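Protein chains in written order, with the numbering used here: chain H, 26 to 236; chain B, 277 to 488.
Below you'll find the structure, written out as structure tokens, and then a few comments.
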């Protein structure tokens with residue numbers, strides 16, 4: 026509901042950007058989704074750390090679910106960013122857009138996380154491997170960002186700056202509402218998926234007991 | 277601490293001896309890197325000089341992958357890893373030994389690859405040399421941990437490149453930057469930072485990869 030309100034605000038209330046017109050409004054979806062994806066990855070890594078620390082079994086599932094959410098939001102960031110690039114610059118993909126490149130690397134990284142998870146049999150060993158890899162991911166985010174910044178200097182000698190106009194009060198409010206909305210959506214999906222997975226695990230246990 | 281280093285040295289010596297007697301990994305890595313360079317020469321016919329720095333780095337990363345894929349195979353095949361984990365030594369010593377051994381392999385292969393590169397594409401600068409050495413540390417530190425991880429999975433040959441390449445992208449970016457720009461210091465510094473952060477992380481987390 027918060028997200029719906031945010032979209033409404035973004036579309037109707039916030040003033041149009043002078044340069045980019047209507048296409049600028051995707052900003053209210055794109056940036057909150059990207060921030061939410063970071064939040065999910067961070068949350069997953071935190072749970073992974075807790076798992077390695079305390080050996081609590083529930084943290085493994087929580088970490089996995091958070092990273093699953095993060096990957097979905099990361100993919101949405103790529104899609105919305107690509108649409109935005111198409112409308113603003115006429116290309117579907119621009120290597121000059123550092124955040125998008127970062128999300129591409131992260132998407133590859135976290136896809137490998139799922140490959141790792143599905144190729145190891147369930148058990149404490151899988152939980153440990155996933156947790157360690159999730160920790161690597163959260164370290165990779167700033168390192169990759171730095172690498173992309175550095176690479177920019179020799180791949181694009183002319184630095185691509187896009188100094189947008191300062192956000193006005195209404196724009197900022199709409200942005201915040203959208204951010205809160207996507208975060209709430211992620212949290213809801215997270216709890217929902219977690220409940221489902223726990224139910225699934227419990228069901229499997231019971232079935233094994235019966236046979 | 278001396279006991280720790282002694283354990284690591286003994287394990288690294290074992291890997292090097294195994295390679296010296298069997299000669300399985302090194303010759304294939306050396307052949308692979310030269311063949312890759314030749315193939316790249318034709319892939320970019322005409323403008324190879326401009327992009328050659330990048331070719332070197334892709335060749336190095338792929339060759340390292342080839343070696344890393346073999347890194348934990350002897351351990352897994354004979355069940356040595358279980359014995360090592362049970363042995364009364366720090367588990368991270370296993371990782372350190374593997375890093376030392378793969379680092380030695382990689383340096384030996386590069387001793388062939390860099391002259392070949394210089395011959396085919398003309399010249400290797402001092403900055404490139406320094407970047408390659410720095411990158412080796414990061415490649416081995418991250419790669420040995422991931423190789424141990426992949427060895428636990430079912431499709432290990434498939435899994436390792438998938439796990440490793442996203443983590444190797446910053447190395448390639450830093451390495452190419454050090455070679456092609458006028459100011460290699462920043463890129464070498466970045467590679468050093470990468471090495472330090474990921475070496476500490478891998479060293480600290482290796483125990484969880486091999487134990488349950």
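Using N, Cα and C, we set each Cβ at its ideal position, and we do this for glycine too.
These numbers come from a predicted model, not from an experiment.
For residue 348/B, the three-state secondary structure derived from DSSP is coil. Contact check for residue 151/H against residue 145/H passes: the beta carbons are separated by less than 7 Å. When secondary structure is reduced to three states using DSSP, residue 364/B falls in the coil class, being assigned neither helix nor strand.
When C-beta distances to chain B are compared with 7 Å, the residues of the stretch 116-132 of chain H below that value are 130, in chain order. Assignment of residue 236/H by DSSP, reduced to helix, strand and coil, places it in the coil class.
157, 158, 160, 161, 164, 165, 168, 169, 171, 172, 173, 175, 176: these are the residues of the stretch 157-176 of chain H whose beta carbon lies less than 8 Å from some beta carbon of chain B, given in chain order. Under the 7 Å criterion on CB atoms, residue 145/H is classed as interfacial with respect to chain B. A buried status is given to residue 141/H, since no fewer than 16 other beta-carbon atoms sit within 10 Å of its beta-carbon. Across the structure, residue 83/H and residue 218/H are spaced so that their CA atoms are roughly 14 Å apart. In this structure residue 372/B is buried. Its beta-carbon is surrounded by 16 or more other beta-carbon atoms within 10 angstroms. Non-local C-beta neighbours of residue 125/H in its own chain, meaning closer than 7 Å and more than five positions away in sequence, comprise 103, 106, ordered along the chain. Contact between the stretch 350-369 of chain B and the stretch 447-467 of chain B is absent: fewer than three C-beta pairs spanning the two stretches fall below 8 Å.
Listed by position along chain H, the residues whose Cβ is nearer than 7 Å to that of residue 460/B form an empty set, because the closest Cβ is around 11 Å away. Under the 7 Å criterion on CB atoms, residue 466/B is classed as interfacial with respect to chain H. The beta-carbon of residue 57/H is placed no less than 7 Å from the nearest beta-carbon of chain B.
A direct Cα-Cα distance of roughly 20 Å separates residue 445/B from residue 383/B. Residue 386/B sits in a helix when the DSSP states are folded into three classes.
Residue range 432-456 is occupied by the alpha helix (DSSP H) that includes residue 433/B. Rounded to the nearest angstrom, the Cβ distance from residue 400/B to residue 394/B is 5 Å, consistent with a contact under 8 Å. In this structure, the beta-carbon distance from residue 312/B to residue 335/B falls below 7 Å. Residue 312/B sits in a helix when the DSSP states are folded into three classes. Distance from residue 486/B to residue 330/B at the Cβ level is roughly 35 Å; contact not present, criterion being Cβ atoms closer than 8 Å.
Within the same chain, 421 come within 8 Å of residue 481/B by CB-CB distance, once the 5 residues on both sides are set aside. By the neighbour-count criterion, in which 16 or more other beta carbons inside 10 Å mark a residue as buried, residue 291/B falls on the buried side. Note on geometry: alpha-carbon atoms of residue 215/H and residue 234/H lie some 29 Å from one another. Excluding five sequence positions before and after residue 160/H, the CB atoms of its chain that fall closer than 7 Å to its own CB belong to 70, 73, 74, given in chain order. Proximity of chain B to residue 217/H at the Cβ level (cut-off 9 Å) is not reached, the minimal Cβ distance being about 29 Å. For residue 423/B, the enclosing alpha helix (DSSP H) has its first and last residue at 402-428. Straight across, the Cα-Cα distance linking residue 307/B with residue 470/B is about 29 Å. Runs of the alpha helix (DSSP H) lying entirely within the stretch 65-141 of chain H and spanning at least 4 residues, in chain order: 82-114.
Distance from residue 411/B to residue 455/B at the Cβ level is roughly 11 Å; contact not present, criterion being Cβ atoms closer than 8 Å. In the same chain as residue 211/H, and ignoring 5 residues on each side of it, the C-beta atoms closer than 8 Å to its own belong to 61, 64, 65, 94, 98, in chain order. In terms of CA proximity to residue 433/B, 343/B leads the group 447/B, 343/B, 317/B, 478/B. Residues of the stretch 287-321 of chain B with a C-beta less than 8 Å from any C-beta of chain H: none at all.
Contacts between residue 150/H and chain B, judged by CB atoms closer than 7 Å, involve 428, 488 in chain order.
The Cβ atoms of residue 348/B and residue 418/B do not sit closer than 7 Å to each other.
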